[in-house]
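Below is one structure, written out as structure tokens; comments come after it.
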Amino acid sequence: MTTPNPFREDLVSRSRAESCSIVIFGATGDLTHRKLIPALYNVAVDGELPTGVKIIGFARRDKSDADFRSGLEELNRKVSRSGHDSEIWESFIQNVSYHTSEFSDPAGYRSLAEKLDAIDADHGGKGNRLFYIASAPEFFDEILVNLKNAGLNEAKPGCWARVIVEKPFGTDLATAKRLNEVVNDTFQERDTYRIDHYLGKETAQNLMVLRFANAIFEPLWNSKYISHIQITCSENLGMEGGRGGYYEKSGALRDMVQNHLLQLLSLVAMEPPTDLSADGVRDEKVKVIRSLRQWDTPEKVAQNVVRAQYTAGHVDGNPVPGYREEDRVSPQSNTEAYVAVRLLIDTWRWSGVPFYIRMGKRLPKRSTEISIHFKEAPCVLFNAISGGVPGSNVLVIRIQPDEGISLRMVSKIPGTSLRLEPVKMDFHYATSFGKGSPEAYERLLLDAVAGDATLFARRDEVEEAWRFIDHIERAWHQSPNPPPMAEFVAGSWGPKEADDLLHSDGNAWRRL
Amino acid sequence: MSPSTDAIPDVCPELGVAVPVAAIDLELRKLWEQDDARTNASLMNLVVYSEKPGALIENSEIIRSLTRDHACRAILVGIDRTEPTPSLRAWITAHCHLADGRKSVCCEQIAFHLTGRVTGRFRNTVFAHLNSDLPLVFWWQGELSDILTESLVRVMDRFIIDSSAWVNPAASFAMIEEVSGSNPDLIIQDHAWTRSWQFRVGIAGLFDDPVALQALPYVQEVEIIHHSDHRNTALQVLAWLAVQAGWKIISSKGTIAFESSGGSAITVALHANPTSPPLSAVTIRAGTTQVQVTQKTGASHVERTLDAGPYHASSLSPIDPTISAELVAVQLARGGRNSLYQKILPAFRAMLEA
Chain A
1 MTTPNPFRED
11 LVSRSRAESC
21 SIVIFGATGD
31 LTHRKLIPAL
41 YNVAVDGELP
51 TGVKIIGFAR
61 RDKSDADFRS
71 GLEELNRKVS
81 RSGHDSEIWE
91 SFIQNVSYHT
101 SEFSDPAGYR
111 SLAEKLDAID
121 ADHGGKGNRL
131 FYIASAPEFF
141 DEILVNLKNA
151 GLNEAKPGCW
161 ARVIVEKPFG
171 TDLATAKRLN
181 EVVNDTFQER
191 DTYRIDHYLG
201 KETAQNLMVL
211 RFANAIFEPL
221 WNSKYISHIQ
231 ITCSENLGME
241 GGRGGYYEKS
251 GALRDMVQNH
261 LLQLLSLVAM
271 EPPTDLSADG
281 VRDEKVKVIR
291 SLRQWDTPEK
301 VAQNVVRAQY
311 TAGHVDGNPV
321 PGYREEDRVS
331 PQSNTEAYVA
341 VRLLIDTWRW
351 SGVPFYIRMG
361 KRLPKRSTEI
371 SIHFKEAPCV
381 LFNAISGGVP
391 GSNVLVIRIQ
401 PDEGISLRMV
411 SKIPGTSLRL
421 EPVKMDFHYA
431 TSFGKGSPEA
441 YERLLLDAVA
451 GDATLFARRD
461 EVEEAWRFID
471 HIERAWHQSP
481 NPPPMAEFVA
491 GSWGPKEADD
501 LLHSDGNAWR
511 RL
Chain B
1001 MSPSTDAIPD
1011 VCPELGVAVP
1021 VAAIDLELRK
1031 LWEQDDARTN
1041 ASLMNLVVYS
1051 EKPGALIENS
1061 EIIRSLTRDH
1071 ACRAILVGID
1081 RTEPTPSLRA
1091 WITAHCHLAD
1101 GRKSVCCEQI
1111 AFHLTGRVTG
1121 RFRNTVFAHL
1131 NSDLPLVFWW
1141 QGELSDILTE
1151 SLVRVMDRFI
1161 IDSSAWVNPA
1171 ASFAMIEEVS
1181 GSNPDLIIQD
1191 HAWTRSWQFR
1201 VGIAGLFDDP
1211 VALQALPYVQ
1221 EVEIIHHSDH
1231 RNTALQVLAW
1241 LAVQAGWKII
1251 SSKGTIAFES
1261 SGGSAITVAL
1271 HANPTSPPLS
1281 AVTIRAGTTQ
1291 VQVTQKTGAS
1301 HVERTLDAGP
1311 YHASSLSPID
1321 PTISAELVAV
1331 QLARGGRNSL
1341 YQKILPAFRA
1351 MLEA
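Protein sequence lines correspond, in order, to chains A and B.
Note that my numbering has the first sequence beginning at 1, numbered continuously upward.
Note that my numbering has the second sequence beginning at 1001, numbered continuously upward.
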């Protein structure tokens, strides 16, 4: 049993990040340059990166340490949240090195092991290791198998070896299961961190606090008081920068709904966990996904899911092409750039409460939010008034941008007559807390180094999500009578069919 | 700046417009109506109390900066105890900050200037203008005085002090203990403690390394170099080390030493340097292992180093702020119960009395 460090007590209210070697596979990629290294650098700026952390970039391109560092510095200067401090950067970057190897070359992993052993030798032969697989998904298996063959998955006594896997975790249930088997054949589940950067966002983390630290919400958080819940993720961008190639293979449902939006849904709908441990929280989240009513026939999919592509239109005043005219998109493409889903959660708490998720490209603006629509108050008192009661209470949790929470309620308009209008109580993070939040990757990387998996997806969560998504994908792409692909003009709020989806329940999409 | 009430005009750029005390709420409402401010933001009541001449205007500048990150209703109190005639004047203003190119986030400020015998009037004046339901953070600048009473402390949530500014810190802590008996939840935040944050985080981080942790039971010497005005910060770090490591404090004739839980002696050396930062170096030695956190004069970073024979590890971290406004900003941002400070306080006070 390791003696705890007595000086850690009460210094920070989070799990302790431990010194380790971090190996990033796919080190020459955009994710490493734009997100991972700037995140680690900003953690260092905040003084939270443990002393002795070494970062090794692993990639195929032949590069020297100096070339690698110079490329990282160039981008860090542009994108770092806290700016670029040359003195801290110099101290930070001296612990960053580059390791050239094909992902498929066993010798490259053996030499990596030697490099890590040399680092560990300085620590009396001990050392923790974190492997971050940030490569293209087709290399995931190969990297994991080679890590195992080189013995790098085995932690030394008293140490740990962990792996972070980037999305996508497979492309359907079968591939996700296979990937999970490869991952779990290499690393134990408790050492596996499937990253979903949405869970690292401040407002997503605040969801549990909002629900379970405020006594006024939880008693109302059920089918007795809530009419329905909407989760919207709208993007004004299309397929710029060659994104069409990737998007054609995934589509809105697999790219965003299977992971980010179902994760948000599970945080909104879960029961209170027994504790705040990683498994305590994830046990409750997975129950939500498992309780989703399955849309397992093309007919059910047609009734509950709308897919669409945008046609040419205007966004931010600029003309934009239709989806099928986008770069690297097939003119006959059958990939959805918009999806709206009605979900039902078959639990006591949520019986009869529809959840609506929509995600689309080329919508009027970028926004991700969750809105909780409460049932209308009995109108026995005010329904005789001209205009009646204008709408019900809506609690909105804005995930990005302009993170915050607002509550719509009804108020009397000042005057001698009795007229009612909705008013909004609005809490903006940026207004109340001037200091900017850390980037999601900063929090998540620190959590992985500290061994806190609460904000990472567990194997069963991923597989249950795929189980739900697969039925829809099959209905779209494998049934003889697939539900139709709807269309909407770029820059509008989606197709009429998506509006009809809610109208049939007597609801309407919230105007963002 | 003259301490006299007359020295502050009715319309003062820093403090705003003078208003009758009885009409403060009404005047604040008018201020919001005539201003193009979009949002009146407030997360707390922040009372800044000073008996220093000219402090109102200085503190208004501090609040202007502080409200960029910490939305609050600021209540500034300046007291002139040399003027025997009782008087009470008030000014109101709002500090607004640009967000997205718009003047959108504003915090209101009420400034009071009191003369004469003020104890009861001061307390009631403050109580009457607190934003309901929001916590009260009370920043006391300088030496404590008889204005600090039990009934005032009872309504505070957070009490910000700077024990380094006190002539007799032992007596001042005794006074706080006496008046805070009825408020066991009071959170005390001491600038002297906040000034050592990066040093403590640095030491804790270095002891995460098994090499340093293994050496902890064998520590023989602790050496601290501090600024001459910041002995309290050094003593608090010593108290923290002793309490957390389970060392017994042995003080006699003005010297401090420790005894480890294994019974071996640990020498303590404190060196005052009038040109150094508040803390310049904290060094812990155990045989050939040395854990050290240093900040050179004028440096923008703190350096953490661990040496054990040929093994060397080092990293940089930011320096702690030194000016009061920044220290308060850090304290407000960190929040929490500050329970570690409460834990080390008895050991620190014991060293003060050594």
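Cβ coordinates follow ideal geometry from the N, Cα and C atoms, glycine included.
Considering only the alpha carbon of each residue, which of A/Lys375, A/Glu326, A/Val396 lies closest to A/Gly506? In the first sequence, the residue the question calls residue 506 of chain A occupies position 506. Ranking A/Lys375, A/Glu326, A/Val396 by Cα distance to A/Gly506 puts A/Lys375 first.
Subject >> Segment contact, 8 Å Cβ cut-off, at least three pairs: the stretch 1148 to 1159 of chain B with the stretch 1170 to 1183 of chain B >> reply: yes
Report task. Return the residues of the stretch 8 to 31 of chain A that lie within a Cβ-Cβ distance of less than 9 Å from chain B, sorted by chain order. Result -> Arg8, Glu9, Asp10, Leu11, Val12, Ser13, Arg16, Ala17, Glu18, Ser19
* C-beta neighbour in chain A for B/Ala1204, strict 8 Å -> Translated into positions along the second sequence, residue 1204 of chain B becomes position 204. Yes, contact with chain A.
Could you check which residue in A/Ser101, A/Arg69, A/Gly170, A/Arg511 has the C-alpha nearest to that of A/Gln258?
-> As a working note, residue 258 of chain A is residue 258 in the first sequence. Out of A/Ser101, A/Arg69, A/Gly170, A/Arg511, A/Gly170 has the C-alpha closest to the C-alpha of A/Gln258.
>> Quick check on the DSSP output: the alpha helix (DSSP H) that includes A/Thr416 runs from which residue to which?
In response: By one-based count along the first sequence, residue 416 of chain A stands at place 416. Taken as a continuous stretch (DSSP letters only), A/Thr416 belongs to no alpha helix (DSSP H), as it is neither H nor E.
Practice task
Give every residue of the same chain whose Cβ lies closer than 7 Å to the Cβ of A/Arg194, excluding the five residues on either side of it in the sequence, and list them in chain order.
Solution key: As a working note, residue 194 of chain A is residue 194 in the first sequence. Contacts found: Val165, Phe169, Phe456, Ala457, Val462.
At a CB-CB cut-off below 9 Å, which residues of chain A make contact with B/Pro1277? Against the second sequence, residue 1277 of chain B aligns to sequence position 277. Going along chain A, no residue has its Cβ under 9 Å from B/Pro1277, so there is no contact; the nearest lies around 16 Å.
Any residues in the stretch 1207 to 1235 of chain B with a beta carbon nearer than 7 Å to a beta carbon of chain A? Which ones, in chain order? Phe1207, Asp1208, Asp1209, Pro1210, Val1211, Leu1213
_Can you tell me which residues form a DSSP beta bridge with B/Asp1307?_
Residue numbering aside, residue 1307 of chain B sits at position 307 when the second sequence is read from its first letter. Per DSSP, B/Gln1290, B/His1312.
Inset, instruction - Check B/Ser1060 in the structure and name its three-state DSSP category. - result: What you label residue 1060 of chain B is simply residue 60 of the second sequence in a count that begins at 1. Helix.
- prompt: From A/Gly83, A/Pro137, A/Arg69, A/Phe58, pick the residue whose C-alpha is nearest to that of A/Arg110; which is it?
  reply: Here residue 110 of chain A corresponds to residue number 110 of the first sequence, with the count starting at 1. Nearest of A/Gly83, A/Pro137, A/Arg69, A/Phe58 to A/Arg110, Cα basis: A/Phe58.
query: How should A/Ala498 be labelled, buried or exposed, when 16 other C-beta atoms within 10 angstroms of its C-beta is the threshold for buried?
result: By one-based count along the first sequence, residue 498 of chain A stands at place 498. The residue in question, A/Ala498, is buried, as its Cβ has 16 or more Cβ neighbours within 10 Å.
Let me know if B/Ala1037 comes out buried or exposed under the rule of 16 or more other beta-carbons within 10 Å of its beta-carbon.
Residue numbering aside, residue 1037 of chain B sits at position 37 when the second sequence is read from its first letter. The pLDDT assigned to B/Ala1037 is 47, lower than 50, so where the model puts this residue is not dependable; a value taken from the coordinates is nonetheless given after this. Its Cβ being crowded by 16 or more others within 10 Å, B/Ala1037 is buried.
Return the chain-ordered ranges of every beta strand (DSSP E) run that is complete within the stretch 333 to 416 of chain A and spans a minimum of 3 residues. 338 to 344, 354 to 360, 367 to 374, 394 to 400, 404 to 412
_Residues in the same chain with beta-carbon distance under 8 Å from A/Val564, minus the five sequence neighbours each way, listed in chain order, please._
Because chain A in this structure spans residues 1 to 512, residue 564 of chain A falls outside the shown range and cannot be described.
- Buried/exposed call for B/Arg1351, threshold 16 Cβ in 10 Å: Reading the second sequence from its first residue, position 351 is the one you call residue 1351 of chain B. Sequence inspection shows Met at residue 1351 of chain B; the Arg mentioned does not correspond to that position. So B/Met1351 counts as buried.
- Quick one: give me the first and last residue of the beta strand (DSSP E) that A/Asn507 is part of. Taking the first residue of the first sequence as position 1, residue 507 of chain A is located at position 507. First-last for A/Asn507: undefined, no H or E at that position.
* Using beta-carbon positions only, say whether A/Ala252 and A/Val339 come within less than 8 Å of one another. => By 1-based counting over the first sequence, the position of residue 252 of chain A is 252. By 1-based counting over the first sequence, the position of residue 339 of chain A is 339. Yes, the pair counts as a contact, with Cβ atoms nearer than the cut-off.
Can you find the residues in the same chain that come closer than 7 Å, C-beta to C-beta, to B/Phe1348, ignoring five residues on each side of it along the sequence? If you number the second sequence from 1, residue 1348 of chain B lands on position 348. The answer, listed in chain order, is Leu1235, Gln1236, Ala1239.
**Request:** Put A/Gln326 into one of helix, strand or coil per three-state DSSP.
**Result:** Within the first sequence, numbered from 1, the residue matching residue 326 of chain A stands at position 326. What sits at residue 326 of chain A in the sequence shown is Glu, not Gln. If DSSP states are grouped into helix, strand and coil, A/Glu326 belongs with coil.
My output table needs one value for A/Gly313: the three-state DSSP class, helix, strand or coil. Along the first sequence, one-based indexing puts residue 313 of chain A at 313. Here A/Gly313 sits in strand by DSSP.
**Asked** What are the residues that DSSP puts in a beta bridge with A/Phe513?
**Response** Because chain A in this structure spans residues 1 to 512, residue 513 of chain A falls outside the shown range and cannot be described.
| request: In angstroms with no decimal places, state the Cα-to-Cα distance between B/Pro1013 and B/Phe1173. | output: On the second sequence, residue 1013 of chain B is found 13 positions in, with the first residue counted as 1. On the second sequence, residue 1173 of chain B is found 173 positions in, with the first residue counted as 1. The alpha-carbon atoms of B/Pro1013 and B/Phe1173 are separated by roughly 37 Å.
Does DSSP put B/Met1351 in a helix, in a strand, or in coil?
On the second sequence, position 351 is the one that residue 1351 of chain B refers to. Correct three-state label for B/Met1351: helix.
- Task: Round the Cβ separation of B/Leu1026 and B/His1070 to the nearest angstrom and send it over; I've been treating them as touching at under 8 Å.
- Result: Taking the second sequence and counting its residues from 1, the one referred to as residue 1026 of chain B is at position 26. Taking the second sequence and counting its residues from 1, the one referred to as residue 1070 of chain B is at position 70. Their Cβ separation, rounded to whole angstroms, is 26 Å, which puts B/Leu1026 and B/His1070 out of contact at 8 Å.
B/Arg1200 versus chain A: which residues are under 8 Å apart at the beta carbon? As a first step, residue 1200 of chain B must be located in the second sequence, where it is residue number 200. Simply Phe7, Leu11.
- prompt: Which residues of chain B have a Cβ atom closer than 8 Å to the Cβ of A/Glu235, listed in chain order?
  reply: On the first sequence, residue 235 of chain A is found 235 positions in, with the first residue counted as 1. By Cβ distance, chain B contributes nothing, its closest Cβ being about 20 Å from A/Glu235, past 8 Å.
Which of helix, strand or coil DSSP assigns to A/Thr521:
Residue numbering for chain A in the displayed model covers 1 to 512; residue 521 of chain A lies beyond these limits and cannot be assessed.
- Task: Examine chain A for any beta-carbon lying closer than 8 Å to the beta-carbon of B/Ala1037, and answer yes or no.
- Result: Here residue 1037 of chain B refers to the residue found at position 37 when the second sequence is read from its first residue. Its pLDDT being 47, under 50, B/Ala1037 is placed unreliably in this model, and the coordinates cannot settle the point.
Does any CB atom of chain A fall closer than 8 Å to the CB of B/Ser1315? Counting from one through the second sequence, the residue named residue 1315 of chain B turns up at place 315. Chain A contact via Cβ: present.
Members of the stretch 35 to 60 of chain A near chain B, C-beta cut-off 9 Å | Ala44, Val45, Asp46, Gly47, Glu48, Leu49, Pro50, Thr51, Gly52, Val53
At the 8 Å Cβ level, is A/Met239 part of the contact set with chain B, yes or no? In the first sequence, the residue the question calls residue 239 of chain A occupies position 239. For A/Met239, the answer is no, since every Cβ of chain B falls outside 8 Å of its Cβ.
Confirm, please, whether the CB-CB distance from B/Ala1281 to B/Leu1267 is below 8 Å.
Translated into the one-based positions of the second sequence, residue 1267 of chain B becomes position 267. Translated into the one-based positions of the second sequence, residue 1281 of chain B becomes position 281. Looking at the sequence provided, one finds Thr at residue 1267 of chain B rather than Leu. Cβ distance not < 8 Å, so B/Thr1267 and B/Ala1281 don't count as in contact.
* **Integer-rounded CB distance, given that B/Ala1090 should sit under 8 Å from B/Ala1074** => For the purposes of this step, residue 1074 of chain B is identified with residue 74 of the second sequence, where counting begins at 1. For the purposes of this step, residue 1090 of chain B is identified with residue 90 of the second sequence, where counting begins at 1. Contact flag wrong, Cβ pair sits at about 13 Å.
Interface positions of the stretch 80 to 101 of chain A facing chain B (Cβ-Cβ less than 7 Å), listed along the chain: Glu87, Ile88, Ser91
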